[in-house]
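S.K.: Mind having a look at this structure? Questions to follow.
In the UniProt record's numbering, the protein residues as written are 1 to 239.
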């Protein structure tokens, strides 16, 4: 029966309007009862990416479709970086003020707004986050800081030890962006909240292969979904 997609817009605290694409698999139950859809999973894209990054390969090879196939309610967000999927309440994109932000603001404002949208819309009390590249960094920012850190002239060292949710890390030896040394340092910092430190078993697996490789479904996405199943239930209870 295919998939359905619904696009919603949400305002951030600092005035950006970002779009979030909600995707689910069509079944007899989900067509007539929204509460029959599974637990929400928020997908956070990487640098220079948008929500489409999770659906670029065939359905059997794309993380977004694979999650929908397992019954999850997929929320693929865009950030203020996706020029065609975002605007500001006051500034157009030719205004330099529109671009005065970093991964810090993406985490504290964009990811936060997308989480609230998904939870408010679905009525779920919690969701899972699947993040790629810069999207993971921004998610750590949200989970470890408060908005007042924005006011500091020099960026603070993020208090990652405050993070208490289970974190699964997926890396590759051939990834020169998130290299093994940096990942090892992160594992030490996050310490006991790391429930999985998984290294893709392909030596030449590169950064973009996490999204684009035809092998990702087997060596990455299936492992991710199996891990996610340990911490979520696919179906939500109707209250």
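Quick reminder that beta carbons are idealized off the backbone N, C-alpha and C, glycines included.
Taking Cβ positions, are residue 46 and residue 174 nearer each other than 8 Å?
M.R.: Their beta carbons are not under 8 Å apart, which means residue 46 does not touch residue 174 by this criterion.
S.K.: According to DSSP, simplified to helix, strand and coil, what is residue 66?
M.R.: In this structure, residue 66 counts as helix in the three-state DSSP scheme.
S.K.: Whose C-alpha, out of 168, 202, 95, 183, is nearest the C-alpha of residue 231?
M.R.: Checking every option, the nearest Cα to that of residue 231 belongs to 168.
S.K.: Considering only the alpha carbon of each residue, which of 18, 223, 113 lies closest to residue 195?
M.R.: Residue 195 has its Cα closest to that of 223, out of 18, 223, 113.
S.K.: In angstroms with no decimal places, state the Cα-to-Cα distance between residue 4 and residue 38.
M.R.: Rounded to the nearest angstrom, the two C-alpha atoms are 14 Å apart.
S.K.: Examine the Cβ distances between the stretch 48-58 and the stretch 117-127 and report whether three or more of them are shorter than 8 Å.
M.R.: Counting Cβ pairs under 8 Å, fewer than three are found: no touch.
S.K.: In the DSSP assignment, find the unbroken alpha helix (DSSP H) run with residue 209 in it and report its ends.
M.R.: Looking at the DSSP string, the run of the alpha helix (DSSP H) that includes residue 209 is 209-212.
S.K.: From 70, 80, 212, 207, pick the residue whose C-alpha is nearest to that of residue 180; which is it?
M.R.: When each option's Cα is compared against that of residue 180, the closest is 207.
S.K.: Using DSSP's beta-bridge definition, name the partner residues of residue 77.
M.R.: Partner(s): 20.
S.K.: Do you know how far the Cα of residue 71 is from the Cα of residue 59?
M.R.: When rounded, the distance between both Cα atoms is 14 Å.
S.K.: Distance, Cα to Cα, residue 129 vs residue 217?
M.R.: Looking at the two C-alpha atoms, the distance is approximately 18 Å.
S.K.: If residue 115 sits next to residue 186, beta carbons under 8 Å apart, how far is it from one beta carbon to the other, in whole angstroms?
M.R.: No, residue 115 and residue 186 are not in contact; Cβ-Cβ is about 22 Å, not under 8 Å.
S.K.: In three-state terms, what does DSSP make of residue 129?
M.R.: In this structure, residue 129 counts as strand in the three-state DSSP scheme.
S.K.: Just to confirm before moving on: does the CB-CB distance between residue 158 and residue 144 stay below 8 Å?
M.R.: Yes, the Cβ-Cβ distance between residue 158 and residue 144 is below 8 Å.
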